[in-house]
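Input: a single structure, listed below in structure tokens.
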Amino acid sequence: MAVNLDPDLLSILVCPKCRSEFRVDDEASELVCTNGACALAYPVRDDIPVLLIDEARDTRQEVAEG
Ligand SMILES: [Zn+2]
579 MAVNLDPDLL SILVCPKCRS EFRVDDEASE LVCTNGACAL AYPVRDDIPV LLIDEARDTR
639 QEVAEG
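The sequence shown begins at 579 in the working numbering and counts up by one.
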């Protein structure tokens, strides 16, 4: 489902963990931190970003190691 966020709102949102900007992942309905060392993905529910570290998914785990 596409994420329908106000661009002005998105522009002021930052990752609560590392203060980096987000990119929107429409397929996953998530806001993904652009900091590669953090890379947390926050869910967007009913077009409202849930910017809670406890709710975030660590996308770094998707990268195979070794
Ligand atoms: Zn971050």
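Ideal placement from N, C-alpha and C gives every residue a C-beta, glycine not left out.
Which residues does DSSP pair with Asp603 in a beta bridge?
Paired residue(s): Glu608.
With a CB to CB cut of under 7 Å and the five nearest residues on each side skipped, what residues in its chain are close to Cys596?
Cys611, Asn613, Cys616
Following a CB-centred definition, is Ala617 positioned closer than 8 Å to any heavy atom of ligand 1?
yes
Beta-carbon spacing of Leu588, Val602 below 9 Å
yes
Using a threshold of 8 Å, is the CB atom of Ser567 nearer than that to any non-hydrogen atom of ligand 1?
Here the chain has residues from 579 to 644 only, and residue 567 is not among them.
So, at 6 Å on beta carbons, what are the nonlocal neighbours of Arg638 in its own chain, with the 5 sequence-adjacent residues on each side left out?
Ala617
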